[in-house]
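I have placed the structure first, in the form of structure tokens, so that the comments after it can refer back to it.
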Amino acid sequence: MIPAASSIMFFPFVMTGFEESLDRSTKEAVDKYQGANLYVKNLGDSVGDEKLRELFSDFGTITSYKVMRDPHGISRGYGFVAFSTPEEANRALGEMNGKMVAGKPLFVALAERKEERRAKLQVILCSIGSAMN
């Protein structure tokens with residue numbers, strides 16, 4: 001039997017101090033690397049973390065780098081490189097996008113959070129749909 005709506009109690013979610021601090025630190029980390037974090041795809045199987053760092057080290061101070069791997073340790077073919085400034089990242093983007101590495105052209109772009117990327121794609125798809133009508 002389902003209780004009547006009047007007998008159901010709702011408890012609003014209240015963040016604890018720890019959760020608020022975690023949420024705030026996540027936002028601060030995202031803001032810190034805004035415009036300085038690059039997404040690099042089409043990496044060859046021979047490109048690991050150190051090779052990725054080596055490829056981008058001429059463009060400035062790298063604060064982090066990582067080739068993404070599946071649970072078995074096999075490269076997923078993409079990774080991230082974060083620079084200390086957006087200017088360094090933009091210079092690397094301009095010079096490395098399309099560069100042939102291990103027989104494959106790299107695709108380099110500013111990294112975006114999944115939510116931001118989905119929102120942009122939705123706008124594009126909506127505009128294409130309205131242009132076709």
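Residues in the sequence shown are numbered consecutively from 1, following full-length UniProt numbering.
Where a beta carbon is used, it is the ideal one built from N, C-alpha and C, also for glycine.
*First and last residue of the alpha helix (DSSP H) that includes K114?*
Run containing K114: K114 to M132, per the alpha helix (DSSP H) assignment.
*Output the distance between the C-alpha atoms of F13 and Y78, rounded to the nearest integer angstrom.*
For F13, the pLDDT reaches just 46, beneath the cut-off of 50, and the residue's location in the model is therefore unreliable, leaving the point undetermined.
*Integer Cβ distance of N42 from P105, believed to fall under 8 Å*: With a Cβ gap of about 6 Å, N42 and P105 count as contacting.
*Decide if I74 is buried, meaning its Cβ has at least 16 other Cβ atoms within 10 Å, or exposed.*
Counting of Cβ neighbours within 10 angstroms places I74 among the exposed residues, the total staying below 16.
*Work out the CA separation of D49 and T61 for me, nearest whole Å.*
The alpha-carbon atoms of T61 and D49 are separated by roughly 16 Å.
*Considering only residues of the same chain and omitting the five flanking positions on each side of G103, which have a CB-CB separation below 8 Å?*
Around G103: G44.
*Which one of A82, F59 and D58 has the shortest CA to CA distance from residue 135?*
Shown here, the chain extends from 1 to 133; a query on residue 135 therefore has no answer.
*Could you work out which residue in F80, S130 and L38 is closest to R69 when comparing CA atoms only?*
Distances from the alpha-carbon of R69 to those of F80, S130 and L38 put F80 closest.
*Give the range of the alpha helix (DSSP H) segment to which residue 209 is assigned.*
Any property of residue 209 remains undetermined from this structure, which presents the chain solely from 1 to 133.
*Should E115 go down as buried or exposed, given a rule of 16 or more other Cβ atoms within 10 Å for buried?*
For E115, the number of other beta carbons within 10 angstroms of its own is below 16, and it is reported as exposed.
*Name, in chain order, the residues that DSSP records as bridge partners for R69.*
For R69, which the question treats as bridged, DSSP gives the partners S75.
*Specify, as a first and last residue, the run of the alpha helix (DSSP H) that F59 falls within.*
Per DSSP, F59 belongs to no alpha helix (DSSP H) and is neither H nor E.
*If A36 and S84 are in contact, beta carbons under 8 Å, what's the gap, nearest whole angstrom?*
Contact check for A36 and S84: beta-carbon distance about 7 Å, within the 8 Å limit, so the pair qualifies.
*Going by CA-CA distance only, name the one from I124, H72, V47 and L93 that's closest to A111.*
Comparing Cα-Cα distances from A111 to each of I124, H72, V47 and L93, the minimum goes to L93.
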